[in-house]
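>
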Amino acid sequence: MSKITDNQDVEEKWKHILLFFKQTIGKKPSDLKGVLFLIGIQELGKGPEHFSKEQKQDLIHIATCKVLSKGGFYTLVGTDEEGWPHWELVKELPPFDLFSQENLLKHYVIEYFRQEIGLHI
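Be aware that the sequence shown starts at 0, since it is given in numbering that gives the first Met the number 0, and climbs by one per residue.
Shown next as C-alpha cells:
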C-alpha cells in the first residue's frame, strides 16, 4: 500500500490519465467522478447513449467496483438481464478520510488504465 500513499506519484500519473482523455476524446473530465463515469460506460459496453441520473450513478458504481477489483476489494458476480454488471465486496476497504479515499481510487484507476487500456504510465 506504500504506492497508494505516495500522493505525489499518484498525482503525477493522474495528470497522464487526464491528458489521455484530452487526446482521445478532446476534453479532460473535470474530476474523479467524471473519469469513473467514462470507465463505467466502457465497462457497460453499450457505447454512448442517454443515461438517467440513476443510471449515471450506477455507471460510477460499476467503475468504482471495477477499479477496486484491481486491489482485491470487489469481484464480478455476473450481469443482469439488461447486461449491467454486478459486483460483490470481498474485502473491506480501510477506514480512510476523504482525501485518502480519493487517492486510493486514483491509484486503482491508474492500474485500470495500465492493465485494461495498456497505457504506459
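No residue lacks a Cβ here, since even glycine has one placed at the ideal position from N, Cα and C.
Fair warning: this is a prediction, and the values are worked out from it, not measured in the lab.
1. Here's the rule I'm using: 16 or more other beta-carbon atoms within 10 Å means buried, otherwise exposed. How should PHE36 be labelled?
2. Starting from the Cα of TRP13, find the closest Cα among GLN114, TYR73 and LEU104 and give me that residue.
3. So what does THR63 bridge to, in DSSP terms?
4. Looking at ILE109 and VAL169, is the spacing between their C-beta atoms short of 8 Å?
5. Strictly by DSSP, which residues pair up with TRP86?
According to the structure data:
1. Along the sequence shown, one-based indexing puts residue 36 at 37. Under this definition PHE36 is a buried residue.
2. Indexing the sequence shown from 1 puts residue 13 at position 14. With distances taken between Cα atoms, TRP13 lies closest to LEU104.
3. As a first step, residue 63 is located in the sequence shown; it is residue number 64 there, counting from the start. None; THR63 has no bridge partner.
4. It is not possible to answer for residue 169, since the shown part of the chain is limited to 0 through 120.
5. The residue given as residue 86 occupies position 87 in the sequence shown. LEU75.
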